[in-house]
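A.B. asks: Quick one: the structure is below, questions incoming.
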Amino acid sequence: DSGVTQTPKHLITATGQRVTLRCSPRSGDLSVYWYQQSLDQGLQFLIQYYNGEERAKGNILERFSAQQFPDLHSELNLSSLELGDSALYFCASSLQGGSPDTQYFGPGTRLTVL
Amino acid sequence: AQSVTQPDIHITVSEGASLELRCNYSYGATPYLFWYVQSPGQGLQLLLKYFSGDTLVQGIKGFEAEFKRSQSSFNLRKPSVHWSDAAEYFCAVPGGNEKLTFGTGTRLTIIP
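Taken in order, these protein sequences are the chains called X and L. Okay, so the first sequence: first residue is 1208 according to the working numbering, each after it adds one. Okay, so the second sequence: first residue is 5 according to the working numbering, each after it adds one.
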């Protein structure tokens, strides 16, 4: 158990809908990362937050957004969902968010868009 | 940009046999390197990491990895695999902006 929690574990929804994925980092970690894992793209970095502020952006679509709240939990919002958004979404957390820093991953949320 | 390559997509090993999973990195300076494991239906678990110092790194579950600068490699090894080691293994390197850049993964199958 990494100490990073993600809810829900599974999510099934329809195209065009909007969903919110939630992540709670390890106790004491200030940085949260979101990754997408799909069969064709592999593991791709989406976005990073550090202590409530956006710190880095990766291959995140404009339909996707995220935020980190004062209690350091984070939410990833996916809207206007398409079939291709079906994937495993991971949250990771680290102490500071610099390099080197070790990222600990949650169990993931499997999103299925029908 | 920093990157890692895992040349083997799928490896099959007999239970009790030794294992080596390959990882090659492309990095300008001394790299920070990670190995993660993803069991079926599970998240990513950190096996071990290399930041500096001793080039032979010990990890969890009996795994070790050796950093070889001359070969740009950070191969993962285990002397004797167990059926529970069947999983997908990912090598990773910081890819800028503190994100991790992952290799494509190596799927390990264990046969009795």
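Don't be surprised by glycine CBs; every beta carbon is placed ideally from N, CA and C. All of these numbers come straight from a predicted model, not from anything done at the bench.
Taking the continuous beta strand (DSSP E) assigned at X:Q1255, which residues delimit it?
C.D. replies: That run of the beta strand (DSSP E) goes G1249 to Y1257.
A.B. asks: Under 8 Å between beta-carbons, which chain X residues line up against L:T108? List them in chain order, please.
C.D. replies: The answer, in chain order, is G1249.
A.B. asks: Please tell me whether X:Q1275 has its Cβ less than 7 Å away from any Cβ of chain L.
C.D. replies: Judged by the 7 Å Cβ criterion, X:Q1275 is not in contact with chain L.
A.B. asks: What residues in the segment 30–49 of chain L bring their beta carbon closer than 9 Å to a beta carbon of chain X?
C.D. replies: Result list: Y36, F38, Y40, Q42, G45, Q46, G47, L48 and Q49.
A.B. asks: X:Y1311: which of X:A1221, X:L1288, X:T1319 and X:S1301 sits nearest, CA to CA?
C.D. replies: Among X:A1221, X:L1288, X:T1319 and X:S1301, the Cα nearest to that of X:Y1311 belongs to X:S1301.
A.B. asks: Decide if L:K72 is buried, meaning its Cβ has at least 16 other Cβ atoms within 10 Å, or exposed.
C.D. replies: Label assigned to L:K72: exposed.
A.B. asks: Hey, how far is the Cα of X:D1236 from the Cα of X:I1254?
C.D. replies: Near 16 Å, if we compare the C-alpha coordinates of X:I1254 and X:D1236.
A.B. asks: Using the beta-carbon of each residue, which ones in chain C are nearer than 7 Å to X:G1315?
C.D. replies: No chain C is present in this structure, whose protein chains are X and L.
A.B. asks: Please state whether the Cβ-Cβ distance between L:Q10 and L:G107 is less than 7 Å.
C.D. replies: Yes, they are a contact pair.
A.B. asks: Are the beta-carbon atoms belonging to L:Y29 and L:V97 less than 7 Å from one another?
C.D. replies: Yes, Cβ-Cβ distance for L:Y29 and L:V97 is below 7 Å.
A.B. asks: Taking only the alpha-carbon atoms, compute the straight-line gap between L:K65 and X:Q1213 and give it to the nearest angstrom.
C.D. replies: In a straight line, the C-alpha of L:K65 is about 24 Å away from that of X:Q1213.
A.B. asks: For L:R26, does the three-state DSSP call read helix, strand or coil?
C.D. replies: If DSSP states are grouped into helix, strand and coil, L:R26 belongs with coil.
A.B. asks: Looking at L:G63: is its Cβ nearer than 7 Å to the Cβ of L:L48?
C.D. replies: No, these two residues do not count as a Cβ contact at 7 Å.
A.B. asks: Would the segment 15–27 of chain L and the segment 1276–1286 of chain X be scored as touching if the rule is three or more Cβ pairs under 8 Å?
C.D. replies: Short answer: they don't touch.
A.B. asks: Is DSSP giving L:R111 helix, strand or coil here?
C.D. replies: The answer is strand: DSSP assigns L:R111 an E or B state.
A.B. asks: Which residues in the same chain as L:H86 place their Cβ atom closer than 7 Å to its Cβ, once the five residues preceding and following it in sequence are excluded?
C.D. replies: Hits under 7 Å: E19.
A.B. asks: So, is the C-beta of L:K72 closer than 7 Å to a C-beta in chain X?
C.D. replies: Not closer than 7 Å to any Cβ of chain X, the Cβ of L:K72 fails to qualify, so no.
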